[in-house]
Amino acid sequence: MSVTVMIVDDSKLARIVASKALAQLQPEWSKVEAGSAREALEVIENETVDVSLIDFNMSETDGLELAAELRAMRPEMPIAIITANIQDEIIARAREVGAAFIAKPVTSDGLSGFLSGAALKLRTTRA
Amino acid sequence: MARAAGSALNDEQLRAVLAAAGASGSWDWDIAGERLFLDASFAELYGLPTDQIRDGFPTATFFRSIHPEDRPRIRIAVAGMLAGASLFSKEFRVVTPAGKVLWMHGRGQCHLDADDEPLRFTGLLVDVTERKRTEERLRIAQSAGGVGTFEYNDGFATVSVSTEFCVLLGLHPADRLPLRTINSVVSEGELALIPEGVQGALPDTLAGEFLIRRGDDGELRWIARRGEVQYEADGTGYRLLGVIYDVTNAKRQEATLRELAETLEQRVAAEVAERQHAEEALRQAQKMEAVGQLTGGIAHDFNNLLTIIIGSIDMASRRVAPSADPRVRRSLEQAMKGAERAAALTHRLLAFSRRQPLDPRAVNVRDLLEGMSDLLSRTITEAIAIAIDANSGVWMIEADPHQLENAILNLAVNARDAMPEGGSLRITARNAVHSGTGGDMPAGDYVAIEVVDNGVGMDEATLAKVFDPFFTTKDVGKGTGLGLSMVYGFAKQSGGGIDIASEPGSGTRVVLHLPRGDASAVEDQAYHPAAEDFGRPSETILVVEDDDDVRRYAVGALCDLGYRVLEAADGFAALDLLRGRDRPVDLLVTDVVMPRMSGSELAQSAHEIVPGLGVLYTSGYPHDAIMHEGRLGEGVELLSKPFTMQALAAKVRELLDR
Amino acid sequence: MIPEQVALTELERDALTEIVNIGVSRAASSLRKMIGEQVLLSVPSIEVVSHRRAARLISEREVAELIAVRQDFRGPFSGRALLIFPETNSLELVRAVTGGELSAEEVVEMEHEALAETGNVILNSCLATMANMLKRSLTMTIPEVLRGNGATLFEVDESGAEEGLVLFLYIDFAVRMRDIRGYIAMLMDIPSLATLKELLDEFIASVVGDDA
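Dropping the structure here:
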């Protein structure tokens, strides 16, 4: 089963860190990167994206707004909001748009719960 | 803790280990399960039932025995730990069931899960009651001893410091100070007070001394640093623990001592030179004193002889008949001139020997100099330009105006003789304040009278001898060699001094320093030559003189002047006469130096018989009895021997009319 | 000198220290995860000082030029948070957070961006934790990387006027194995301080209860 994960973060370092954790947990999965919400929307137009990891703190459109847009387009897609801004309010808003919450810095431990849940969900929807 | 470690050690063993380590209890707070597990020591400390240890206690139990004053603070700190703060390190009081108050140090940490959610809060209580007391003592010792403490963790940009530390360096008191702030007080070129170097470069101890400039008042101080470098067990870093204190005073004393030691030789040499100088001065003074006594003695005898000579010539001149051979009269006149010159010479000798009686009055130097300008221009040749300069601000002095005139004239004449080809002579007066150091005059206000010429000058060898009596640079017969020595004697006797500076070819400067007088003293108006006055038969004068010739002369002169005269050869005879008279004696004229009873003793006894009796002393050698610090006593008049009839007449008249 | 409404009581100061402690612990934990090394923290210092003195406190600490990641926050209380370290530490920090996977050129190339992200993670986790403890929410700006001295970092107008009081908070941190050190500093202006004081009182009341 081929799975593509989109990593959206305006920080290249953050994308590297997330990719590394992803590669450890799901070596078979492929990834595609976007440096902003606009780029993310372009990617999703042209490619098949199964899972999205989205940074919250981005200029112009923030991660929660992007997540809401993606949710509207792809109600079934597993989405996670990644941020060091661990305020209760942000976690609550992530939950409202149906996104998981992962604290930065991203570690394989922190990511594993979301990814196994996503894998399970993908298997069920594709089955 | 007990639960966690249970597999390796049983509870009893663990407790023993912890107790040995000074622990008074340990806890393990299950955050999710909201249960507090304590060990037996903790339970005992709090007076909790030990049979509940296995099941744990409600979490609020933790605060139960904490002193009420400390409880809010600890609740806040624990709240922080339960929310994920990493370290707990607090001191607080625990009240035991027996009511004893113990200081505890609780140290704990939070255990987080993978999502940074706090799971457990574990820690250890250590009884620090003893340490608290020690700390208190230490704190007092530190502030009393002026010791500041610091602790520095390598890697941090700030240093934990005590208040005293900040005070010593003159910095704003704070618990933590930036490293750079601390090191910025150290003077340039010195090592850093708190070294920041790499591990390898650190010394074993922190002993050192630093010159600093205090932050607040900018004062330079020496600061000593002592302490230890403590390396972390895992080799990752170090801590610097130490104290500083001010050693400025010790440093200064040390420096003074060192300087003393280094300059010892030099100081010994200077001391020896100074002593030699003092000895030289003493020898000079002794020599002058000896010469003074000798000349004074000679002058005294001379004066007595001259009094007889002058008196006799005087008498002979009066009695010589107008028809007599004019050669007799001329011879007598010549004899009188010679005798008068001899009298002037002995007078100068007395001036030098400082036994000249001075009659100090308030003198306005400016007026005195102005009054002398005529005399000076007549004495000094036209080839020499004379400038007299004294402003009206020059203080009054107290001195004998005659002698001062003499002194100035003497100096002017010397200056003239130093300028045979002509030149300029400048006489100035100005105020001068002496600090009392670097001279033999006492501190105080003086008027400096300068006599400056641009004549031939003198070399050093000559200068050294100018005040010696009979020393002269003038040709034989041109000077007596008594001029400068007389000026010297006058200045000394007047409480002042004299400076002389000269170089061959560039002239001479003599400065006469005379002490400032009482400004309120009224300038003596009476200073003017007195006219001869005659006496009346109603006025009785008692003459006492042991030298028959002198007495005869004086008695004769007074009779000639028209007075009624009584005479006595000594004090006892004189007192008999005073007691026996039914008519009062108006004036006592007595010699000062007489055998058996001196003139002043006589005057004293006479005053007991005739209070307010006028006394006129005659003397060629005024004795200490009538001299107070070289001056005549109050209400005493003195006639120097030898005296002329005119002088005697004037003095007697002055006293009777007073 | 310090207006009554912003003078913190001892308990309020304890509470603020504790809250900052939690935030900083969280931040240190984040940093530890990023670089895989132990991070050492000092006890936070809290002072109410003039803007100018705050800038000087920072300047006095360092001889070298500074580099800082700055993030402003807004909400019931507003202010500015900075992650500051000597410029000479900058590349070492980037090397540490990129985990040795980048070449030397890439490290230099990524320096700015890596610093911004590191600051973002550290300051966000710190501020967010504080917001959670006080049960309020804060809006945080995108992190900015600045270089300069204390005055430029705090935007102190050297010509004067900046005499207003601020709450100045700082915590030393050091990563000994990496020879990295720096500090987290926070500035809050006076109106914010008054609000903060109220929030601290609420926090104290909830934690201390009847013992206050």
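Which chain is which? The protein sequence lines are A, B and C, in order. 325 is the number of the first residue of the first sequence in the numbering used here; add one for each residue after it. 1089 is the number of the first residue of the second sequence in the numbering used here; add one for each residue after it. 32 is the number of the first residue of the third sequence in the numbering used here; add one for each residue after it. C-beta: ideal position from N, C-alpha, C; glycine also. Just so we're clear, the structure is a prediction, and the values are computed from it rather than from any experiment.
Check your understanding: So what does DSSP say about G1113(B), is it helix, strand or coil?
Key -> Translated into the one-based positions of the second sequence, residue 1113(B) becomes position 25. In the structure shown, G1113(B) sits in a strand (DSSP, three-state: E or B).
**Study point:** From E144(C), E96(C), E68(C) and A225(C), residue whose alpha carbon lies closest to that of T119(C)
**Key:** Looking up residue 119(C) in the third sequence gives position 88. It is E96(C) whose Cα lies nearest to the Cα of T119(C).
Review point. Less than 6 Å between the CB of D1556(B) and some heavy atom of the ligand SAH, yes or no?
Key: Absence of the ligand SAH is noted for the structure shown, with no ligands found whatsoever.
**Study point:** Proximal residues to S223(C) (C-beta, below 7 Å), its chain only, five neighbours per side dropped
**Key:** Looking up residue 223(C) in the third sequence gives position 192. Cβ within range, chain order: F108, S109 and G110.
Practice item. Just mark G1196(B) as buried or exposed, buried being the case when its beta carbon has 16 or more other beta carbons within 10 Å. Key: Walking along the second sequence from the start, residue 1196(B) turns up at place 108. Its Cβ being crowded by 16 or more others within 10 Å, G1196(B) is buried.
Exercise for review: Would you be able to state if there are at least three C-beta pairs under 8 Å between the region 1328-1336 of chain B and the region 1308-1316 of chain B?
Suggested key: yes
Check your understanding: Taking A423(A) as the reference, which of Q350(A), R450(A) and L394(A) has the closest Cα?
Key -> Here residue 423(A) corresponds to residue number 99 of the first sequence, with the count starting at 1. Here the closest residue by C-alpha is L394(A).
**Study point:** Candidates D1488(B), G1481(B), P1530(B) and N1542(B), of which the one nearest A1500(B) by Cα
**Key:** Here residue 1500(B) is taken as the residue at index 412 of the second sequence, counted from 1. Answer by Cα proximity: N1542(B).
Point to revise | Residue ranges of each beta strand (DSSP E) within the region 1208-1260 of chain B, 3 or longer | key: 1235-1241 and 1246-1249
**Study point:** Buried or exposed by the 16-neighbour rule on C-beta atoms within 10 Å, applied to Q1101(B)
**Key:** On the second sequence, position 13 is the one that residue 1101(B) refers to. The residue is exposed, with fewer than 16 neighbouring Cβ atoms inside 10 Å.
Check your understanding: Alpha carbon to alpha carbon, how far is L177(C) from N409(A)?
Key -> Within the third sequence, numbered from 1, the residue matching residue 177(C) stands at position 146. Within the first sequence, numbered from 1, the residue matching residue 409(A) stands at position 85. Going from the Cα of L177(C) to the Cα of N409(A) covers about 21 Å.
Check your understanding: From the beta carbon of A1280(B), is the nearest beta carbon of chain A less than 7 Å away?
Key -> As a working note, residue 1280(B) is residue 192 in the second sequence. Not closer than 7 Å to any Cβ of chain A, the Cβ of A1280(B) fails to qualify, so no.
Review point. How big is the Cα-Cα spacing for D386(A) and S360(A)?
Key: As a first step, residue 386(A) must be located in the first sequence, where it is residue number 62. As a first step, residue 360(A) must be located in the first sequence, where it is residue number 36. Going by the C-alpha atoms only, they are around 9 Å apart.
Practice item. Taking C-beta pairs closer than 8 Å, name the residues in chain A that D1204(B) reaches, listed in chain order. Key: The count along the second sequence starts at 1 and reaches residue 1204(B) at position 116. Near D1204(B) (Cβ distances below 8 Å), the residues of chain A are A427.
Point to revise | Buried/exposed call for T1732(B), threshold 16 Cβ in 10 Å | key: The residue labelled residue 1732(B) in the question sits at position 644 within the second sequence. Burial call: buried.
Check your understanding: What's the gap between the Cα of R1684(B) and the Cα of E1627(B)?
Key -> As a first step, residue 1684(B) is located in the second sequence; it is residue number 596 there, counting from the start. As a first step, residue 1627(B) is located in the second sequence; it is residue number 539 there, counting from the start. So the two alpha carbons sit approximately 28 Å from each other.
Review point. Whose C-beta lies closer than 6 Å to the C-beta of L230(C) among residues of the same chain, with five residues either side of it excluded?
Key: Counted from its first residue, the third sequence places residue 230(C) at position 199. Answer for L230(C): L165, listed in chain order.
Practice item. Give the DSSP bridge partners of E1179(B), in chain order. Key: Start at 1 with the first residue of the second sequence, and residue 1179(B) comes out as number 91. Bridge partners of E1179(B): H1193(B).
Exercise for review: State the CB to CB distance for the pair I1515(B) and I1496(B), rounded to an integer number of angstroms; the pair is presumed to be in contact (CB under 8 Å).
Suggested key: Numbered from its first residue, the second sequence carries residue 1515(B) at position 427. Numbered from its first residue, the second sequence carries residue 1496(B) at position 408. Yes, I1515(B) and I1496(B) are in contact; Cβ-Cβ is about 7 Å, under 8 Å.
Review point. So, is D1636(B) buried or exposed, given that buried needs 16 or more other C-beta atoms within 10 angstroms?
Key: Taking the second sequence and counting its residues from 1, one reaches residue 1636(B) at position 548. That one is exposed.
Check your understanding: Along the chain, which unbroken stretches of the alpha helix (DSSP H) at least 4 residues long are found entirely within the region 373-421 of chain A?
Key -> 387-397 and 412-420
Check your understanding: What number of angstroms, rounded off, separates the C-alpha of D1389(B) from the C-alpha of G1511(B)?
Key -> Taking the first residue of the second sequence as 1, we reach residue 1389(B) at position 301. Taking the first residue of the second sequence as 1, we reach residue 1511(B) at position 423. Rounded to whole angstroms, D1389(B) to G1511(B) spans 42 Å at the Cα level.
Review point. With a cut-off of 7 Å, does the C-beta of A46(C) fall near any C-beta of chain B?
Key: Counted from its first residue, the third sequence places residue 46(C) at position 15. Judged by the 7 Å Cβ criterion, A46(C) is in contact with chain B.
Practice item. Can you grab the Cα-Cα spacing for the pair A38(C) / T226(C), in whole Å? Key: Taking the first residue of the third sequence as 1, we reach residue 38(C) at position 7. Taking the first residue of the third sequence as 1, we reach residue 226(C) at position 195. Approximately 12 Å between the Cα atoms of the pair.
Exercise for review: Return no unless some Cβ of chain B is closer than 7 Å to the Cβ of D433(A).
Suggested key: Within the first sequence, numbered from 1, the residue matching residue 433(A) stands at position 109. By this cut-off, D433(A) is an interface position.
Exercise for review: May I have the straight-line CA-CA distance separating T1469(B) from S1594(B), to the nearest angstrom?
Suggested key: Taking the second sequence and counting its residues from 1, the one referred to as residue 1469(B) is at position 381. Taking the second sequence and counting its residues from 1, the one referred to as residue 1594(B) is at position 506. Straight-line Cα distance between these residues: approximately 20 Å.
Review point. Secondary structure at P1206(B), three-state DSSP: helix, strand or coil?
Key: Start at 1 with the first residue of the second sequence, and residue 1206(B) comes out as number 118. In the structure shown, P1206(B) sits in a strand (DSSP, three-state: E or B).
**Study point:** Cut-off 7 Å between Cβ atoms - residues of its own chain near V1183(B), not counting five sequence neighbours on either side
**Key:** Here residue 1183(B) refers to the residue found at position 95 when the second sequence is read from its first residue. For V1183(B), where only same-chain residues beyond five positions count, the Cβ hits under 7 Å are S1153, H1155 and V1189.
Exercise for review: Answer yes or no: do L1666(B) and T1678(B) have a C-beta to C-beta separation smaller than 7 Å?
Suggested key: Position 578 of the second sequence, counted from the first residue, corresponds to residue 1666(B). Position 590 of the second sequence, counted from the first residue, corresponds to residue 1678(B). No; because the gap between Cβ atoms is not below 7 Å, this pair is not in contact.
Point to revise | Per DSSP, cross-strand counterpart(s) of Y1319(B) | key: Your numbering for residue 1319(B) matches position 231 in the second sequence. Paired residues: Y1326(B).
Exercise for review: Could you round the C-beta distance between D1116(B) and R1208(B) to whole angstroms and report it? I think they count as a contact, below 8 Å.
Suggested key: Taking the first residue of the second sequence as position 1, residue 1116(B) is located at position 28. Taking the first residue of the second sequence as position 1, residue 1208(B) is located at position 120. Sure, about 6 Å apart at Cβ, within 8 Å.
Check your understanding: With C-beta atoms as the reference, is V1482(B) less than 7 Å away from A1536(B)?
Key -> As a first step, residue 1482(B) is located in the second sequence; it is residue number 394 there, counting from the start. As a first step, residue 1536(B) is located in the second sequence; it is residue number 448 there, counting from the start. No, they are not a contact pair.
**Study point:** Burial state of S121(C) (16 or more Cβ within 10 Å)
**Key:** Along the third sequence, one-based indexing puts residue 121(C) at 90. The residue is buried, with at least 16 neighbouring Cβ atoms inside 10 Å.
Review point. Using 8 Å as the Cβ pair cut-off and three pairs as the minimum, do the region 1360-1375 of chain B and the region 1263-1274 of chain B touch?
Key: no
Practice item. Following the continuous beta strand (DSSP E) through G1296(B), name the residue where it begins and the one where it ends. Key: Here residue 1296(B) refers to the residue found at position 208 of the second sequence. First-last of the beta strand (DSSP E) with G1296(B): G1296 to R1301.
**Study point:** Identity of the residue in G1325(B), G1585(B), R1123(B) and G1296(B) nearest L1492(B) by Cα
**Key:** For the purposes of this step, residue 1492(B) is taken as the residue at position 404 of the second sequence. Here the closest residue by C-alpha is G1585(B).
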